[in-house]
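S.K.:
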Amino acid sequence: MTDLTPIPLPRRPRVLALANQKGGVGKTTTAINLGTALAAIGEKVLIIDLDPQGNASTGLGVDRKSRRSSTYDVLCGDIGLGQAMQETAVPGLFLAPSTLDLLGVEIEIASSKDRTHRLKNAIDELVYDQRCSDLTYVLIDCPPSLSLITINAMTASDAVLVPLQCEFFALEGLSQLLKTVEQVRAGLNPRLIIQGVVLTMYDPRNNLSGQVMADVREFLGDKVYDTVIPRNVRISEAPSYGKPALLYDLRCSGSQAYLKLASEVIRRERALRAAA
């Protein structure tokens, strides 16, 4: 007798793009430390480094000489994402590293019909890789621009997480980012949402930081995370040792903030699933 029991489809990991076209707002720091914090509480996480500078790769201790394959090769279609994955010093945290070759990828794929879906296709295929089938989160560290690379990240993602620095010009480029998200949702990825905005580099001694935080909360409401990442020397020092701040100094205020942020991300994800 033929067994007609349906074969369960592999579960796609939750994909979050960390995006902001302004540089120096804490995208990479947030990708590294949020990924580490999620792995520390039992999630299996892949960080995709899509910034040609490769700072997420360096910050996780992956030397440039050891990056034999990279996200450039993935976007060009030469290898699968699973082949680019490397283990990190954090159990449960993996990395698809970046190289400077990524600077030329937009020219390489510009004439392709699937140029905006290259990363989405790679992530969709990832679930059939036995080593990657139990991934729960994919975090994409985007470059500081609204380029074809960033459009690829948003097209591949379920949601966008926006790191926003507590400084005078914090809201200056946010409206353009939100407009880009709307355009991607309308034309390329109807499921895309803003998962949340995380305020970074907060200095309680600076009145401006408090004013910016109040303005952002008034403008975006509950889209802003309760957790605020403080300006912290230990967070700044950690990348020079090739370590996430949580490995460099778990007790510092920055590491503790990222642990709280990971818990809040998971709570929001559960709420989104419940509402779906």
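Per my numbering: the sequence shown = residues 111 to 386.
Every residue, glycine too, gets a C-beta built ideally from N, C-alpha and C.
(1) Quick check: Ala129 and Val326, are their CB atoms within less than 8 Å of each other?
(2) Note down the Cα distance separating Arg378 from Pro123, rounded to an integer number of angstroms.
(3) Is the segment 194-210 close to the segment 140-153, with three or more CB pairs under 8 Å?
(4) Should Glu328 be labelled buried (16 or more other beta-carbon atoms within 10 Å of its own) or exposed?
(5) Using three-state DSSP, classify Gln240 as helix, strand or coil.
(6) Quick check on DSSP: helix, strand or coil for Leu306?
(7) So, for Gly133: in the same chain, excluding its five sequence neighbours on each side, which residues have a beta-carbon less than 8 Å away from its beta-carbon?
(8) Would you say the segment 154-161 touches the segment 280-289, given that touching needs at least three Cβ pairs under 8 Å?
(9) Skipping 5 residues on each side, what residues in its chain have a beta carbon closer than 7 Å to that of Tyr351?
(10) Go through its chain and collect everything with a Cβ distance to Gln196's Cβ below 7 Å, but skip five positions before and after it.
(11) For my contact list, Thr209 and Arg177 are in at a C-beta cut-off of 8 Å; report their separation, rounded to the angstrom.
(12) Relative to the C-alpha of Asp234, which residue among Val343, Ala263, Glu216 is closest?
(13) Give the straight-line distance between the Cα atoms of Ile189 and Val215, rounded to the nearest whole angstrom.
(14) For Cys242 and Leu236, I'd like the C-alpha separation in whole angstroms.
(15) Report the rounded CA-to-CA distance for Glu346 versus Asp251, giving the unit in angstroms.
(16) Around the Cβ of Leu302, are there at least 16 other Cβ atoms within 10 angstroms (buried) or fewer (exposed)?
(17) In angstroms with no decimal places, state the Cα-to-Cα distance between Ile339 and Ser373.
(18) Would Thr246 pass as a contact of Lys154 if the rule is Cβ separation under 8 Å?
(19) By DSSP's criteria, Glu197 is part of a beta bridge. Which residues make up the other side?
(20) Name the DSSP beta bridge partners of Ala269, please?
(21) I believe Val248 touches Leu274 by the beta-carbon criterion, under 8 Å. Please report the beta-carbon distance rounded to the nearest angstrom.
(22) For Ile259, which of helix, strand or coil comes out of DSSP?
(23) Can you tell me which of the three DSSP states Val338 falls into?
(24) Along the alpha helix (DSSP H) that carries Leu356, what are the first and last residues, could you check?
(25) In whole angstroms, give me the CA-to-CA distance for Arg361 and Tyr368.
(26) Do you know offhand how far Leu298's Cα is from Glu292's?
(27) Which class does Asp251 belong to by DSSP, given the choice of helix, strand or coil?
(28) Below 8 Å on the Cβ atoms is my contact criterion, and I expect Leu371 with Leu144 to pass it. Report the Cβ-Cβ distance as a whole number of Å.
M.R.: Taking the structure as given:
(1) no
(2) 15 Å
(3) yes
(4) exposed
(5) coil
(6) The residue you asked about is not Leu; residue 306 is Gly in the sequence shown. Of the three classes helix, strand and coil, the one that applies to Gly306 here is strand, per DSSP.
(7) Pro254
(8) no
(9) Tyr358
(10) Val172, Phe204, Leu205, Pro207
(11) 5 Å
(12) Ala263
(13) 14 Å
(14) 6 Å
(15) The question names Glu, but residue 346 in the sequence shown is Ser. Taking the straight line joining both Cα atoms gives about 17 Å.
(16) buried
(17) 14 Å
(18) yes
(19) Phe204
(20) Leu126, Ile303
(21) Wrong, their Cβ atoms sit about 22 Å apart, outside the cutoff.
(22) helix
(23) strand
(24) 355-358
(25) 11 Å
(26) 10 Å
(27) strand
(28) 6 Å
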